[in-house]
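Going down the list, the protein sequences come from chains A and B.
By the working numbering, the letter at position 253 of the first sequence is numbered 288, and the numbering carries on one by one without gaps.
By the working numbering, the letter at position 301 of the second sequence is numbered 336, and the numbering carries on one by one without gaps.
We put the beta carbon where it would ideally sit given N, CA and C, even for glycine.
Read the structure below first, then the notes.
Number of protein chains: 2
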Amino acid sequence: MKFGGTSVADTERLKAVAKRIVSAREQGERVVAVLSAMGDSTDDLLSLAYEMSPRPEPRELDMLISVGERISCALAAMAIHDLGYKAISLTGSQAGIVTDTTHGKAKIVDVRATRIHEALDAGLIVLVAGFQGVSTDFDITTLGRGGSDTTAVALAVALGAEVCEIYTDVDGVFTADPRVVHGARKLHAVSYEEMLELSACGSKVLMLRAVELARSQCVRLHVRSSFSGDEGTWIEREEAMEQAIISGIAHDSSEAKVTIFGVPDRPGVAARVFRPLADAGVRVDMIVQNVSSDGRTDISFTLPEDDLPTAERVLATVGDEVGSQGMKSDPDVARISLVGAGMKSDPAVVADMFDVLADAGINIEIISTSSIRISCLIRSARLEDAVRAVHDRFGLSESPLEKGESSVTSALPPD
Amino acid sequence: MKFGGTSVADTERLKAVAKRIVSAREQGERVVAVLSAMGDSTDDLLSLAYEMSPRPEPRELDMLISVGERISCALAAMAIHDLGYKAISLTGSQAGIVTDTTHGKAKIVDVRATRIHEALDAGLIVLVAGFQGVSTDFDITTLGRGGSDTTAVALAVALGAEVCEIYTDVDGVFTADPRVVHGARKLHAVSYEEMLELSACGSKVLMLRAVELARSQCVRLHVRSSFSGDEGTWIEREEAMEQAIISGIAHDSSEAKVTIFGVPDRPGVAARVFRPLADAGVRVDMIVQNVSSDGRTDISFTLPEDDLPTAERVLATVGDEVGSQGMKSDPDVARISLVGAGMKSDPAVVADMFDVLADAGINIEIISTSSIRISCLIRSARLEDAVRAVHDRFGLSESPLEKGESSVTSALPPD
């Protein structure tokens, strides 16, 4: 059971989490719970760090920000004791989460779960501080964004858990963001591959990395609400489920677009543009190169808006080197992505997607596809219109059962 | 170098601490610094714990409240890096502070300083989280009140340090509390034995336990201000210094007095009263038994006011068992103590002390003495008058040098 920051935001919510854990124990389960830091406490620690230094030493930053999850676990253990059950809180190190030495975004290299096994065998509920481990150099490390999800999945693998439950502030994975699409529907199940595409395209429910680990190790995930007892969304192997044509829509308005004009159309030029960007840590996503005219071409690509200043700095030099005729940045773009495992067998989906955007008068600037995803870059001002129109066009609001189908997970287009 | 909670109260003060540590390093010292938690942060964590449970599990409480010192150390390390020096923060566990398993007041059983030695040899400044260790069961423990002082002294012993500097919010050890006595004078040096008596009698500068450890291991302590570069007070072996007749006055208004009336004057009765109190954890200090009349006597004793409810509960039963004729509690008492290593060779001091209190019209309710201390229990309303009168009578405001003596540490009575 993994509980995120909003689920443990204050002592009242922590008590509710303690009750839920105890209730699972009372049903005879052996429970290991991974907790995040309370609410904004990690951000508060980060602010302190930046008061001390403009570039805090990464090792010390990890020592600092790893305390929030320990506080949550110790407090939850106290509440569980108060409910009459024995609990033990463990730091990442005590739980046996061994990582490499990359402070701030360490990778788990081993899980030595001896102490967890001993505690479970002694009848204890085990609480593990998420987001952290101990490096092979015996220093405290943190796992980066979504680290607690990764801790939970890694422990589920090491312990051979039946399921890894991710408790969060939403009811599960939806066909689209319910704040944008009123009729968005909770999905009963999605495949690992679909969830990967959804996470990569802006869905905040689960971090990409945790989904990747769950897929490679075949751990069943159950994303569900901390605040209700309702079933959420299962994330599992494709073979385990009926295939939906379309599962859902993800969107992301934190992208920016860069265009480099008049680049000589010669072999090796693209590498000379994108290698220095990669070296500077800029995460380029969609790339499109125009048809050449007069031996020159325009290259456009998208990147996270946060990386834009770095990219502009790098390209100021690179542009001259490759002899381009200028560049332009554009932060007012957004990406809408349609994801569905069944898409690969239905070529009409791509055409339908373009149709509906055209009907709504929305211009498509860049297109990228995978076998189970279509993404279109559009003006960010039209993003919500686009999400609603696509959601409606593919009939995602309607339950598959209402449409008379046997599978509860498929969502066929209505035509 | 040990820095207490007020010395690291906020990020500005932490930066000042970082500068002071770096300045010692620049003078060629190999520095190990022990830091306390920032300001009230430990109290804030305790409040959270009591929101979770009226009686928080001790193991979990230690997991929780040990984070404050880690935060201080990590932040200070960042600031030191920013000043161009390399620093490493270590938890109690990483620093090799091994304790027994008594959560909340663990005793240090070993210091395995390998990692500190390695860091010092590599030219690093070492920051150690005070107040904590790791138990022989691999759980995080805390050392109880004054724990960071104890950490500092234990590390000074293990590392063979030249001196253990205790940085605090006062300039050193004074002849009396400067808030009470305007002319109180900072002492250049006091012996371990004197400091033990001063700490036991209410001086807040150093915790008794750290002084005991320093004495038994012969570690020189230097109590000095975090906010100035001035020399403070040295605490060292008596042989190392000229002996003062009187070093200073300590006072404590947190005491209470209990009197049990009409106790049968028979062997074994005192044990039947005080054994159950000791078993209940009541810390009895001064005890006086009146002269017997009619085979019965009255017993009075002092105890910390906090222990009064427990004592009253225990004595309600015990009083009946021993056949006493009633009891009375009195919280409005205070203790004034005069401490000086030279006192043992000067019987006039005791008489002088009684004289000055009598002249001030202050009644003495209980007296207790050691070879280097006289304590008198008086009404708490008269405490400040008593401290000022005794300070004045023994001429403690005047510097020994002004009085034409060779030792800067002695403070002879003026007559």
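Select from the stretch 318-341 of chain B all residues with a C-beta closer than 9 Å to any C-beta belonging to chain A, and list them in chain order. none
Simplified DSSP state of P299 (chain B), which is helix, strand or coil: strand
From R417 (chain A) to H426 (chain A), what distance separates their C-alpha atoms? 14 Å
Determine whether the beta carbon atoms of G165 (chain B) and T136 (chain B) lie at a separation below 8 Å. no
L447 (chain A) versus R220 (chain A) - alpha carbon distance: Legend: pLDDT at L447 (chain A) = 34, less than 50; position of this residue unreliable, value from coordinates given subsequently. So the two alpha carbons sit approximately 14 Å from each other.
Using beta carbons (cut-off 8 Å, strictly below), is E86 (chain A) in contact with chain B? yes
So with Cβ pairs under 8 Å, would you call I401 (chain B) a contact of chain A? no
For a cutoff of 8 Å on Cβ pairs, would you count H116 (chain B) as touching chain A? yes
Rounded distance between the beta-carbons of R408 (chain B) and L373 (chain B), thought under 8 Å: 7 Å
Output, in sequence order along the chain, the residues in the stretch 89-105 of chain A whose CB is closer than 9 Å to any CB in chain B. Listed in sequence order: P89, R90, P91, E92, R94, E95, L96, D97, M98, L99, I100, S101, V102, G103, R105.
Spatial neighbours of F38 (chain B) within its chain, please: CB distance less than 7 Å, with the 5 preceding and 5 following residues excluded, ordered by chain position. V52, A68, L70, S71, Y202, S261
Please classify K50 (chain B) as buried or exposed, where buried requires at least 16 other C-beta atoms within 10 Å of its C-beta. buried
Return no unless some Cβ of chain B is closer than 8 Å to the Cβ of L70 (chain A). The C-beta of L70 (chain A) comes no closer than 8 Å to any C-beta of chain B.
Compute the Euclidean distance between the alpha carbons of V144 (chain A) and A114 (chain B), then round it to the nearest angstrom. 31 Å
Check whether the Cβ atoms of E197 (chain B) and H257 (chain B) sit closer than 8 Å, and answer yes or no. Their beta carbons are not under 8 Å apart, which means E197 (chain B) does not touch H257 (chain B) by this criterion.
So C108 (chain B) is in the alpha helix (DSSP H); what residue range does that whole segment cover? 102-117
Using the Cβ count rule (16 or more neighbours within 10 Å means buried), how would you classify D387 (chain B)? buried
For S124 (chain A), go through chain B and note every residue whose CB falls closer than 9 Å to its CB, in chain order. Those are R94, E95, M98, L99, listed as they occur along chain B.
Pick from B:G267, B:V323, B:A249, B:F209 that is closest to K239 (chain B), judged by C-alpha positions: B:F209
I'd like to know if T177 (chain A) contacts chain B, where contact means its C-beta is closer than 8 Å to some C-beta of that chain. No - not a single Cβ of chain B is within 8 Å of the one on T177 (chain A).
What does T46 (chain B) touch in chain A if you count any residue whose Cβ is under 9 Å from its own? L83, E86, M87
Taking T149 (chain B) as the reference, give the member of B:P93, B:V161, B:A383 with the closest Cα. B:V161
In angstroms with no decimal places, state the Cα-to-Cα distance between P339 (chain A) and E290 (chain A). 5 Å
L162 (chain A) - containing beta strand (DSSP E), residue span: 160-164
Among A:S58, A:S359, A:V43, A:E64, whose alpha-carbon lies nearest the alpha-carbon of S76 (chain A)? Considering only alpha carbons, the answer is A:V43.
Nearest to V215 (chain B) by alpha carbon, out of B:I371, B:S226, B:L96? B:I371
Cross-chain neighbours of L49 (chain A) in chain B, by beta carbon under 8 Å: M87
Pairs of beta-carbons, one from the stretch 345-356 of chain B and one from the stretch 306-313 of chain B, closer than 8 Å: are there three or more? yes
Return no unless some Cβ of chain A is closer than 8 Å to the Cβ of L155 (chain B). no
So, does the CB of F209 (chain B) fall closer than 8 Å to a CB anywhere in chain A? By this cut-off, F209 (chain B) is not an interface position.
Distance between E95 (chain B) and K142 (chain A) (C-alpha atoms, nearest Å): 28 Å
Helix, strand or coil at F173 (chain B) [DSSP, three-state]: coil
Using 8 Å as the threshold, is the C-beta distance between K292 (chain A) and D365 (chain A) below it? Taking 8 Å as the cut-off, the Cβ atoms of K292 (chain A) and D365 (chain A) count as close.
So for D145 (chain B), helix, strand or coil by DSSP? Residue state, collapsed to three classes: strand.
Pick out whichever of B:V102, B:D79, B:L159 has its Cα sitting closest to the Cα of I56 (chain B). When each option's Cα is compared against that of I56 (chain B), the closest is B:L159.
Residues bridged to V258 (chain A) (per DSSP): Paired residue(s): A:I201, A:T268.
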